[in-house]
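*Asks:* Okay, so the first sequence: first residue is 1 according to my numbering, each after it adds one. The beta-carbon is built from N, C-alpha and C at its ideal position, and this holds for glycine as well. Since this is a predicted model, take the numbers as computed values, not measurements.
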Amino acid sequence: MRAMKQIVAQLVSDAIATLPELADAAADLSIESTVERTRDASHGDFASNIAMRLAKPVRKSPRDIAASLINALGDNEIIDKVEIAGPGFINFYLSPVAFHAELETILEAGEDYGRQPQRDHPKILLEFVSANPTGPLHVGHGRGASYGATVGNLLEAAGYPVSREYYVNDAGRQMDILGASVWLRWLEASGVDVDFPKGGYRGDYIRDIASEIDTGGIEVVTAEAVTDGLPENTDDNKDEYVDALVARCKELHGEDGFNKIRQQSLESIRDEIRADLEEFGVHFDEWFSEQSLTQSNRVDDALAVLDERGMLYKKDGATWFPSIQYGDDKDRVVVRDNGVKTYFASDIAYHFDKRERGYDHLIDILGADHHGYVTRVRGGLEAMGYEADDLEVQFVQFVTLYRSGERVQMGTRSGQFDTLRQLREEVGNDAARFYYVSRSNDQHLDFDLDVAKSQSNDNPVYYIQYAHARITSVFEKLADLSLAWDADNAKATMDNLSSQQEKALMTALSRYPEILELAANNRAPQHLVHYLRDLAADFHSWYNANKFIEDPDNVRDARLALCAATKVVIANGLGILGVSAPDKM
RNA sequence: GCGCCCGUAGCUCAGUCGGAUAGAGCACCAGAUUCCUAAUCUGGGGGUCACAAGUUCGAAUCUUGUCGGGCGCGCCA
Numbered sequence: 001m002r003a004m005k006q007i008v009a010q011l012v013s014d015a016i017a018t019l020p021e022l023a024d025a026a027a028d029l030s031i032e033s034t035v036e037r038t039r040d041a042s043h044g045d046f047a048s049n050i051a052m053r054l055a056k057p058v059r060k061s062p063r064d065i066a067a068s069l070i071n072a073l074g075d076n077e078i079i080d081k082v083e084i085a086g087p088g089f090i091n092f093y094l095s096p097v098a099f100h101a102e103l104e105t106i107l108e109a110g111e112d113y114g115r116q117p118q119r120d121h122p123k124i125l126l127e128f129v130s131a132n133p134t135g136p137l138h139v140g141h142g143r144g145a146s147y148g149a150t151v152g153n154l155l156e157a158a159g160y161p162v163s164r165e166y167y168v169n170d171a172g173r174q175m176d177i178l179g180a181s182v183w184l185r186w187l188e189a190s191g192v193d194v195d196f197p198k199g200g201y202r203g204d205y206i207r208d209i210a211s212e213i214d215t216g217g218i219e220v221v222t223a224e225a226v227t228d229g230l231p232e233n234t235d236d237n238k239d240e241y242v243d244a245l246v247a248r249c250k251e252l253h254g255e256d257g258f259n260k261i262r263q264q265s266l267e268s269i270r271d272e273i274r275a276d277l278e279e280f281g282v283h284f285d286e287w288f289s290e291q292s293l294t295q296s297n298r299v300d301d302a303l304a305v306l307d308e309r310g311m312l313y314k315k316d317g318a319t320w321f322p323s324i325q326y327g328d329d330k331d332r333v334v335v336r337d338n339g340v341k342t343y344f345a346s347d348i349a350y351h352f353d354k355r356e357r358g359y360d361h362l363i364d365i366l367g368a369d370h371h372g373y374v375t376r377v378r379g380g381l382e383a384m385g386y387e388a389d390d391l392e393v394q395f396v397q398f399v400t401l402y403r404s405g406e407r408v409q410m411g412t413r414s415g416q417f418d419t420l421r422q423l424r425e426e427v428g429n430d431a432a433r434f435y436y437v438s439r440s441n442d443q444h445l446d447f448d449l450d451v452a453k454s455q456s457n458d459n460p461v462y463y464i465q466y467a468h469a470r471i472t473s474v475f476e477k478l479a480d481l482s483l484a485w486d487a488d489n490a491k492a493t494m495d496n497l498s499s500q501q502e503k504a505l506m507t508a509l510s511r512y513p514e515i516l517e518l519a520a521n522n523r524a525p526q527h528l529v530h531y532l533r534d535l536a537a538d539f540h541s542w543y544n545a546n547k548f549i550e551d552p553d554n555v556r557d558a559r560l561a562l563c564a565a566t567k568v569v570i571a572n573g574l575g576i577l578g579v580s581a582p583d584k585m
């Protein structure tokens with residue numbers, strides 16, 4: 001199934017092939033890139049600027065080139081009329097037959113309409129969210145989740161094999177701090193009151209975890225035993241204090257005792273995150289554990305590869321990676337002087353491992369605050385023999401919540417709106433998913449709770465869903481009247497779809513595959529969002545002006561075909577966005 | 001200071017390998033429903049595309065500079 005634009009581009013391409021002097025000049029040119037939808041119906045359906053692009057190399061005027069090109073267009077039933085316009089645009093007016101054929105394609109393809117055939121290369125690994133398992137997801141993660149899930153759907157629709165992965169940072173100091181935090185809350189619940197570390201995790205969920213985990217075999221100790229000889233718990237000293245608590249917990253309960261608490265804590269949070277995302281319609285194929293990377297020695301393996309290639313050196317007792325060679329500001333430490341590997345070391349190993357697992361193209365969706373890491377991680381991949389471009393990074397900028405025109409202060413302490421779960425409960429999954437991807441990912445997002453929540457025409461998600469529900473309702477009404485839609489008759493009578501509004505709606509429908517491709521190629525779901533809004537507007541506009549159940553059979557069948565096709569495209573598009581397409585509202 | 005993202009209507013935003021008169025929603029104003037969902041539709045006003053140069057047939061789009069905003073610059077993760 002080819003998009004309409006490709007069909008037009010092919011005709012242009014064929015015409016050029018018959019004109020040697022143009023064919024040479026156009027050899028490096030993607031013909032399809034010269035063809036675009038017109039903004040104004042008075043310019044026809046498609047326009048090509050190819051004559052202008054070729055004017056310089058061919059040394060002829062654009063209008064002359066356009067004239068010979070038009071002359072060379074073969075006979076076909078797709079195009080009604082071709083005109084030269086303005087400085088040398090070629091405007092194509094498509095025949096109704098072309099649009100009617102597209103309607104049939106939509107109805108035949110159904111939920112596959114707009115999707116590309118499955119290919120087996122390149123295999124894409126899409127990593128997103130990957131929030132540390134130290135607490136519940138907040139509204140910022142929600143944007144990464146919605147964006148990542150939608151990009152995944154878009155890539156799949158474009159035919160790519162894509163695997164969605166969540167990297168669980170379940171190793172390292174933050175996990176120790178989590179373990180110590182839970183440990184202290186558990187002691188507290190057992191009547192042992194210890195000054196809670198300023199550097200610890202203070203949220204209420206820590207108490208919940210403390211009350212749920214299995215602490216069998218771990219003895220309650222006294223407050224003195226915990227704090228004896230520890231540094232002061234002050235803002236200046238919070239890192240030392242919390243690290244000392246971790247060490248103390250290991251002394252008192254042994255590594256096994258501490259691990260038991262830490263492991264259950266992180267698993268509890270990870271499971272909570274997973275459930276939250278599942279409810280949000282965001283699914284992962286793999287929950288990749290950082291611990292597993294360390295346990296299987298893959299960090300050491302990756303460092304060994306770098307070492308063999310001469311891409312590591314020692315200085316000041318630490319081991320460094322010369323990332324300056326790959327455009328970074330400075331070289332980076334991979335093994336600290338105390339022998340502990342840095343986060344960067346696992347990150348290199350993790351991305352190396354992704355490639356080694358057979359994924360050709362890696363996409364990371366990261367918060368905007370991580371943009372400093374890209375150069376060095378790419379450098380790491382390159383140093384290990386892969387291409388820097390194998391890693392693509394998409395950044396998601398920050399989210400600011402607004403309520404009643406006021407900025408909502410975020411942060412756990414404010415007790416205000418903070419978690420993704422609260423947001424979902426307030427505005428609903430559909431509105432949240434839609435709103436999150438309605439703006440380009442590299443732009444800051446003002447999330448207006450009042451708009452997202454309003455079940456009115458302020459809210460584009462309901463506007464689109466309403467179009468879908470309206471169509472369902474038409475077919476129900478039809479049944480109520482003991483009428484039926486004769487789809488075969490519709491094919492034979494599509495000439496009845498001839499009004500301006502019908503033309504506009506058919507044009508909008510036929511754009512869908514092109515929009516999907518655009519959105520997938522650019523990892524830009526907002527194109528789909530805006531498209532669906534436009535499509536719904538074209539539908540509502542037409543629907544409002546035409547009551548057609550009472551029409552003669554031939555007209556009714558054709559118009560119902562238009563309804564059915566619109567329903568298909570809206571459902572498909574909303575499906576990509578992870579938004580439901582309700583039959584009733 | 002250096003690097004990355006950005007600056008388009010009163011507000012929120014589209015405009016993606018440079019293209020024709022810069023678009024949409026909200027808000028505002030005026031209208032439409034004995035009729036398949038009015039969560040709808042029709043019409044209207046509203047712009048120095050931050051600013052200044054440059055590139056060319058043509059710039060919101062590319063280049064440079066200035067101003068303004070966000071983020072990042074650890075042997076943290």
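1. Is DSSP giving S498 helix, strand or coil here?
2. What do you reckon, is the C-beta of Y93 under 7 Å from a heavy atom of the ligand ADP?
3. Can you grab the Cα-Cα spacing for the pair T294 / N338, in whole Å?
4. Report yes if the CB atom of Y167 is closer than 8 Å to the CB atom of E290, and no otherwise.
5. Sorted by chain position, which residues of the same chain lie with C-beta nearer than 6 Å to P322's C-beta, five sequence neighbours on each side aside?
6. Where do the N-terminal and C-terminal ends of the alpha helix (DSSP H) with Y436 fall, by residue?
7. For L481, count the other beta carbons within 10 Å of its own beta carbon; 16 or more makes it buried, fewer makes it exposed. Which is it?
8. Could you tell me which uninterrupted beta strand (DSSP E) segments, each at least 3 residues in length, are contained entirely in the segment 344-406, listed from first to last along the chain?
9. Based on the DSSP secondary-structure assignment, which residues constitute the bridge partners of N459?
10. Grouping DSSP H, G and I as helix and E and B as strand, with all else coil, what is Y338?
11. Name the DSSP bridge partner or partners of L94?
12. Straight-line CA distance for H540 to A467?
13. By the DSSP assignment, the beta strand (DSSP E) with V35 in it spans what residues?
14. Among Q325, S404, E426 and F288, which has the Cα closest to the Cα of D353?
15. Strictly by DSSP, which residues pair up with A85?
16. Taking S440 as part of the beta strand (DSSP E), name the residues at either end of that continuous run.
17. Can you grab the Cα-Cα spacing for the pair S292 / W183, in whole Å?
18. Among R53, P197 and L19, whose alpha-carbon lies nearest the alpha-carbon of D243?
19. Leaving aside the five residues before and after D364 along the sequence, list all residues of the same chain whose C-beta is less than 6 Å from its C-beta, in chain order.
20. Please state if the CB of R270 and the CB of P136 are separated by a distance shorter than 8 Å.
21. Strictly by DSSP, which residues pair up with D446?
22. Determine the DSSP secondary structure at W287, reduced to helix, strand or coil.
23. Can you grab the Cα-Cα spacing for the pair H588 / V377, in whole Å?
24. For K584, which residues of its own chain have a beta-carbon under 8 Å away from its beta-carbon, when the five flanking residues on both sides are left out?
25. Short of 6 Å in beta carbon distance, which residues of its chain neighbour I70, apart from the five on each side in sequence? Order them along the chain.
26. Rounded to whole angstroms, what's the CA-CA distance from C249 to D120? Just pull it up for me.
27. Taking only the alpha-carbon atoms, compute the straight-line gap between M1 and H530 and give it to the nearest angstrom.
28. In whole angstroms, give me the CA-to-CA distance for A318 and V221.
29. In or out: I193 buried (at least 16 other Cβ within 10 Å) or exposed?
30. For E102, I'd like the list of residues in its chain whose CB is within less than 8 Å of its CB, leaving aside the five on either flank, ordered along the chain.
31. For A158, which residues of its own chain have a beta-carbon under 6 Å away from its beta-carbon, when the five flanking residues on both sides are left out?
32. Quick check: D285 and E165, are their CB atoms within less than 8 Å of each other?
*Replies:* Looking at the atomic coordinates:
1. Along the first sequence, read from residue 1 onward, the residue named residue 498 stands at position 498. In the structure shown, S498 sits in coil (DSSP, three-state: anything other than H, G, I, E or B).
2. The ligand ADP is absent from the structure shown, which contains no ligand whatsoever.
3. The residue you call residue 294 lines up with position 294 of the first sequence. The residue you call residue 338 lines up with position 338 of the first sequence. Cα to Cα, T294 sits roughly 17 Å from N338.
4. On the first sequence, position 167 is the one that residue 167 refers to. On the first sequence, position 290 is the one that residue 290 refers to. For Y167 and E290, yes; Cβs fall inside 8 Å.
5. Translated into the one-based positions of the first sequence, residue 322 becomes position 322. Cβ neighbours of P322 beyond the five flanking positions: D331.
6. Taking the first residue of the first sequence as 1, we reach residue 436 at position 436. It spans N429 to Y436 - the alpha helix (DSSP H) in which Y436 sits, taken as one unbroken run.
7. As a position in the first sequence, residue 481 is number 481, starting the count at 1. Result: exposed.
8. 361-367, 391-396 and 399-403
9. In the first sequence, the residue the question calls residue 459 occupies position 459. Its beta-bridge partners do not exist; DSSP assigns none.
10. Numbered from 1 along the first sequence, position 338 holds the residue referred to as residue 338. Residue identity differs from the one stated: residue 338 is Asn in this sequence, not Tyr. Three-state DSSP puts N338 in coil, outside helix and strand.
11. The sequence position of residue 94 within the first sequence is 94, counting from 1. Beta-bridge pairing links L94 to I79.
12. Taking the first residue of the first sequence as 1, we reach residue 540 at position 540. Taking the first residue of the first sequence as 1, we reach residue 467 at position 467. Straight-line Cα distance between these residues: approximately 7 Å.
13. Taking the first residue of the first sequence as 1, we reach residue 35 at position 35. Where V35 is concerned, the enclosing beta strand (DSSP E) stretches over V35 to R37.
14. In the first sequence, counting from the first residue as 1, residue 353 sits at position 353. Ranking Q325, S404, E426 and F288 by Cα distance to D353 puts F288 first.
15. Numbered from 1 along the first sequence, position 85 holds the residue referred to as residue 85. Beta-bridge pairing links A85 to F89.
16. Reading the first sequence from its first residue, position 440 is the one you call residue 440. Per DSSP, S440 belongs to no beta strand (DSSP E) and is neither H nor E.
17. What you label residue 292 is simply residue 292 of the first sequence in a count that begins at 1. What you label residue 183 is simply residue 183 of the first sequence in a count that begins at 1. C-alpha separation (whole angstroms): 24 Å.
18. Reading the first sequence from its first residue, position 243 is the one you call residue 243. Ranking the options by Cα distance to D243, first place goes to P197.
19. Working through the first sequence from its first residue, we reach residue 364 at position 364. Excluding positions up to five away in sequence, the list reads E127 and V393.
20. To locate residue 136, count along the first sequence from 1; it is residue 136. To locate residue 270, count along the first sequence from 1; it is residue 270. No, they are not a contact pair.
21. To locate residue 446, count along the first sequence from 1; it is residue 446. Beta-bridge annotation (DSSP): D446 is paired with T400.
22. Residue 287 sits at position 287 when you count from the first residue of the first sequence. Strand at W287.
23. With the chain running from 1 to 585 in the structure shown, residue 588 is simply not present.
24. One-based indexing of the first sequence puts residue 584 at position 584. Cβ within range, chain order: A469, T472 and S473.
25. By 1-based counting over the first sequence, the position of residue 70 is 70. Only V82 meet the Cβ criterion.
26. Against the first sequence, residue 249 aligns to sequence position 249. Against the first sequence, residue 120 aligns to sequence position 120. About 51 Å.
27. To locate residue 1, count along the first sequence from 1; it is residue 1. To locate residue 530, count along the first sequence from 1; it is residue 530. About 24 Å.
28. Counting from one through the first sequence, the residue named residue 318 turns up at place 318. Counting from one through the first sequence, the residue named residue 221 turns up at place 221. Taking the straight line from one Cα to the other gives about 38 Å.
29. Along the first sequence, read from residue 1 onward, the residue named residue 193 stands at position 193. For the record, residue 193 in the displayed sequence is Asp; it is not Ile. Exposed, by the Cβ-count rule.
30. On the first sequence, position 102 is the one that residue 102 refers to. Within the same chain, E102 has close Cβ partners M4, M506, L509 and S510.
31. Counting from 1 along the first sequence, the entry for residue 158 is found at position 158. Cβ neighbours of A158 beyond the five flanking positions: Q116 and A520.
32. Along the first sequence, one-based indexing puts residue 285 at 285. Along the first sequence, one-based indexing puts residue 165 at 165. Closer than 8 Å, so yes.
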